[in-house]
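This report concerns only the one structure given below.
There are 2 protein chains.
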Amino acid sequence: MFFGVDIGGTNAKVGMVDGRGRVVDHDTVKTGLYQSPADLVLTLAYTILRLAKVNAAKVEGIGICCPNACALDGTVENAANLKFKEKFSLLRLFRNYFPEIPVAVDNDANAATIGEQVYGKAKGLRDFLFVTLGTGVGGGVVCDGKLVYGLHAMAGEVGHIVVEPGGRPCGCGRRGCLERYVAAWGALETYKEICAENGEAPKAGSFRAFADLALGGDRLALRTYEEMGRHLGLFLANLACVTAPTHIFLFGGVARVGEILLEPVRRHFNENLLCCYKNGIRIELSGLMSSDADAAILGASALVRARLAGC
Amino acid sequence: MFFGVDIGGTNAKVGMVDGRGRVVDHDTVKTGLYQSPADLVLTLAYTILRLAKVNAAKVEGIGICCPNACALDGTVENAANLKFKEKFSLLRLFRNYFPEIPVAVDNDANAATIGEQVYGKAKGLRDFLFVTLGTGVGGGVVCDGKLVYGLHAMAGEVGHIVVEPGGRPCGCGRRGCLERYVAAWGALETYKEICAENGEAPKAGSFRAFADLALGGDRLALRTYEEMGRHLGLFLANLACVTAPTHIFLFGGVARVGEILLEPVRRHFNENLLCCYKNGIRIELSGLMSSDADAAILGASALVRARLAGC
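For the record, the sequence lines run as chains Y and H.
Under the numbering used here, residues 1 to 311 are what the first sequence spells out, in order.
Under the numbering used here, residues 312 to 622 are what the second sequence spells out, in order.
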């Protein structure tokens, strides 16, 4: 059995995944209760051992995903949402407890990308892009079957590509980044702008409520998704010119509305796509979206599975 | 000895390259004189054999670069500037004459990228970008030591990334592509616009004359390069987010002015770069620029050398 650990600001999820990509058992740890990375990892290690024991399973590998984790050395520094801002080695802390078991660490977007490759729709694909649309926008770039890491293992930071020079201020200190327009907060901001332009009061104050409005057919919420589709479609058409992927997978809470996002994305993508790629690139929802709660666990466990397979 | 063949609209250059990347001998064939690809290749094959015989050398491999050539199957279709618009297999035509010698075919930008890797400044680099700035803009993307090919081997078409939505019309049928601002014709257009804004008559009617003006310190020509640096700097900062390269090499006639282009490019690049990449990415002129006339021959010969080395 492979174990996947997804460390988030509120919860850390630990799951046991079988060879067919099913989460056989899982448990949750409240991240906020722990005063140090060592304390948190002690509990996570204990949880892994307990799940293995209860299920009479062998721990064959452990994959851990965490915001800002670096795949090269397994460290985490200044992670969004975590209490621990100092740099620490997640890899070393886990290896203390599991010295003889393969352990792999990576950030969320990379883990989800490898999850798509190992368990999702990207099985056997050589060239694809994976874009996570959540509270931020992240990505994974796979070329010739391998996830691209690059400098400091920081490839795929596509949420910070500037799509509107001089546009909305971003948390990164720059302006006009993609995620300010198509991540959850950006979507809500666009929705409120569109409501103001139409002299209507916003009917949603959270992203979830806004997405529900769109699913219910609300005119201005749908117009917001059209606008997001315009940004994403042109952006993805540009991105296609870099690595020429055959597939682009969209993942995360913002994509959960399905065709409401996909239709305008595909339309603007095809309108803007360079002719040599026409009809060659498919845009689809991630195959991990159906088992939403498990996607992060699958992604994390896929990290170590892929490493053992030499991907 | 490796042979590099660079097929252009006016001339095809054939060069013999030694193991240290020196063009030992070369010859030129007038492309326009030939009525069919087969006639042209017959003469090119004869030229290779003649150069080998004159120099008492063995033909160890032949690399050919040609606009629109596809590395996957060695075919060329609808090549810019060539008389032959129909699809033909450059690889098969060459293999007729050299059935037992390795032959590799690719487009110009990919050949130059591999040339940089084999003979230039990118020796030993794992992650870099190569951008050609000539009559068009092309590119090569190297991740983990390998050139990225992707769908239809069409990765690296960075000249057609839209940098000004709704901007200048491009030959590809879309608007606002990068090459309309930073390739030779685009540069000249910007120069003329800047002259008009300043109520001055343009002092140059060709790109070469314009570049000479900049080298001579002409105020409006330099302002044009500043504007090109703004476009390229932001563009490259965005591109960095995709594959996180450690180096970016600029190549081609537009880059021949050296620091006049590099200084504004680096300045705008650093201003726009996401903080996690700061101080980690170097922008330099291609190492093939010094031996300008030979760069294409080196690139073409590097194709087959890299293939034999398993790159």
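Backbone N, C-alpha and C define an ideal beta-carbon position, used for all residues, glycine too.
Computed from a predicted model, the values in this text were never measured in an experiment.
C-beta neighbour in chain A for residue i, strict 8 Å
i	result
L234 (chain Y)	Although the question refers to chain A, the structure presented lacks it and instead comprises the protein chains Y and H.
Exposed unless 16 or more other CB atoms sit within 10 angstroms - verdict on residue i
i	result
S612 (chain H)	buried
A507 (chain H)	exposed
C687 (chain H)	This structure gives no information on residue 687 (chain H), because the portion of chain H shown stretches from 312 to 622.
P480 (chain H)	exposed
D39 (chain Y)	exposed
P165 (chain Y)	exposed
V54 (chain Y)	exposed
C275 (chain Y)	exposed
R519 (chain H)	exposed
E490 (chain H)	buried
G627 (chain H)	Because chain H here runs from 312 to 622, residue 627 (chain H) falls outside it and cannot be looked at.
V31 (chain Y)	At residue 31 (chain Y) the sequence reads Thr, which differs from the Val that was named. That one is buried.
R333 (chain H)	exposed
E200 (chain Y)	exposed
Y345 (chain H)	buried
E157 (chain Y)	buried
A56 (chain Y)	exposed
L619 (chain H)	exposed
S290 (chain Y)	exposed
R331 (chain H)	exposed
S517 (chain H)	exposed
A423 (chain H)	buried
Contacting residues, own chain, Cβ-Cβ under 7 Å from residue i (five flanking each side not counted)
i	result
V182 (chain Y)	L133, V137, M228, H231, L232, V254
D605 (chain H)	G326, V334
D6 (chain Y)	A12, K13, C65, A296, I297, A300
Proximal residues to residue i (C-beta, below 8 Å), its chain only, five neighbours per side dropped
i	result
D218 (chain Y)	K203
K434 (chain H)	Q428
R361 (chain H)	D338
S36 (chain Y)	F84
N509 (chain H)	L531
E574 (chain H)	G540
DSSP-derived helix/strand/coil call for residue i
i	result
A151 (chain Y)	Correcting the residue type first, residue 151 (chain Y) is Leu in the shown sequence and not Ala. Correct three-state label for L151 (chain Y): helix.
T224 (chain Y)	helix
G497 (chain H)	helix
R175 (chain Y)	strand
A69 (chain Y)	strand
F84 (chain Y)	coil
E197 (chain Y)	helix
V23 (chain Y)	strand
P37 (chain Y)	helix
I425 (chain H)	helix
D605 (chain H)	helix
T443 (chain H)	strand
I592 (chain H)	coil
V265 (chain H)	With chain H covering only 312 through 622, there is no way to say anything about residue 265 (chain H).
I571 (chain H)	helix
C454 (chain H)	strand
N583 (chain H)	helix
G478 (chain H)	coil
K503 (chain H)	helix
I48 (chain Y)	helix
Spatial neighbours of residue i in its chain, beta-carbon cut-off 6 Å, leaving aside the 5 residues before and after
i	result
K85 (chain Y)	N78
A52 (chain Y)	V59
R126 (chain Y)	D144, G145
I194 (chain Y)	L220, R223, T224
G374 (chain H)	G315, A415, A611, S612, L614, V615
S89 (chain Y)	G74, T75
L572 (chain H)	Y536, A566
K398 (chain H)	T386, E388
A80 (chain Y)	P67
The segment 111 to 122 of chain Y contacting the segment 137 to 153 of chain Y, beta-carbon criterion three pairs below 8 Å: Contact between the segment 111 to 122 of chain Y and the segment 137 to 153 of chain Y is present: three or more C-beta pairs spanning the two stretches fall below 8 Å.
Residues within the segment 585 to 596 of chain H neighbouring chain Y, beta-carbon criterion of under 9 Å: Residues L585, C586, C587, Y588, G591, I592.
Inter-stretch contact (C-beta, 8 Å, three-pair minimum) for the segment 554 to 561 of chain H and the segment 151 to 161 of chain Y: yes
Three CB pairs or more closer than 8 Å across the segment 587 to 594 of chain H and the segment 407 to 415 of chain H: no
Contact list for the segment 59 to 89 of chain Y against chain H, Cβ threshold 7 Å: When C-beta distances to chain H are compared with 7 Å, every residue of the segment 59 to 89 of chain Y stays at or above that value.
Chain Y contacts made by the segment 468 to 485 of chain H, where a contact means CB separation under 9 Å: E468, V469, G470, H471, I472, V473, V474, P476, C483, G484, R485
Residues, ordered as in the chain, of the segment 134 to 156 of chain Y that lie near chain H by beta-carbon distance below 9 Å: G139, V141, C143, D144, K146, V148, Y149, G150, L151, H152, A153, M154, A155, G156
Residues, ordered as in the chain, of the segment 234 to 249 of chain Y that lie near chain H by beta-carbon distance below 9 Å: L234, A237, N238, L239, A240, C241, V242, T243, A244, P245, T246
Within 9 Å of chain Y by C-beta, residues of the segment 333 to 345 of chain H in sequence order: none
Contact residues within the segment 422 to 446 of chain H, judged by C-beta distance below 7 Å to chain Y: D438
Three or more C-beta pairs below 8 Å linking the segment 65 to 73 of chain Y and the segment 255 to 265 of chain Y: No contact exists between the segment 65 to 73 of chain Y and the segment 255 to 265 of chain Y.
Positions along the segment 255 to 274 of chain Y whose CB lies within less than 8 Å of some CB in chain H: N272, L274
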